[in-house]
Amino acid sequence: MSSAFIEWVGFLAAALTTLSFVPQAWLTFKTRDVGGISLGMYSAFTLGVALWLVYGFALGAWPLIAANSVTLSLALAILVMRLRFGGKRSGA
């Protein structure tokens, strides 16, 4: 397989996984309902994404860098909301 093809597969995978995260992030931003978000899981997830980003930079792999930059931004925003709103359901 050519390196260009492999690069495009990486970009497509990165785009799909990052875009699949956006609807949930948007709903959370809109409703501020973070009651169903596990603080431990989301903390581990956010750290994992940050480490994937570091790994992407170390390899110079732009699909990893692009996808994880966007996902890390969204994940940090949701994590901050989870910490700020304390997991209380909206309307409660």
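Note that the sequence shown covers residues 1 to 92 in this note's numbering.
Quick reminder that beta carbons are idealized off the backbone N, C-alpha and C, glycines included.
Quick caveat: nothing in here was measured; it's all calculated off a predicted structure.
- Task: Could you tell me the distance, in whole angstroms, from the CA atom of Tyr-109 to the CA atom of Ala-13?
- Result: This structure cannot settle anything about residue 109, because the visible part of the chain is limited to 1 through 92.
- Task: Starting from the Cα of Val-70, find the closest Cα among Thr-18, Phe-57, Trp-26, Gly-48 and give me that residue.
- Result: By one-based count along the sequence shown, residue 70 stands at place 70. Out of Thr-18, Phe-57, Trp-26, Gly-48, Thr-18 has the C-alpha closest to the C-alpha of Val-70.
- Query: Looking only at C-alpha atoms, which of Trp-62, Gly-40, Gly-35, Pro-23 sits nearest to Ile-6?
  - Reply: Residue 6 sits at position 6 when you count from the first residue of the sequence shown. Closest by alpha carbon: Trp-62.
- Query: Is the CB-CB distance between Asn-68 and Leu-53 below 8 Å?
  - Reply: By one-based count along the sequence shown, residue 68 stands at place 68. By one-based count along the sequence shown, residue 53 stands at place 53. Yes, Cβ-Cβ distance for Asn-68 and Leu-53 is below 8 Å.
- Item | Rounded distance between the beta-carbons of Ala-25 and Leu-74, thought under 8 Å | Sequence index remark: in the sequence shown, residue 74 carries index 74 (1-based). Sequence index remark: in the sequence shown, residue 25 carries index 25 (1-based). 4 Å between Cβ atoms; contact.
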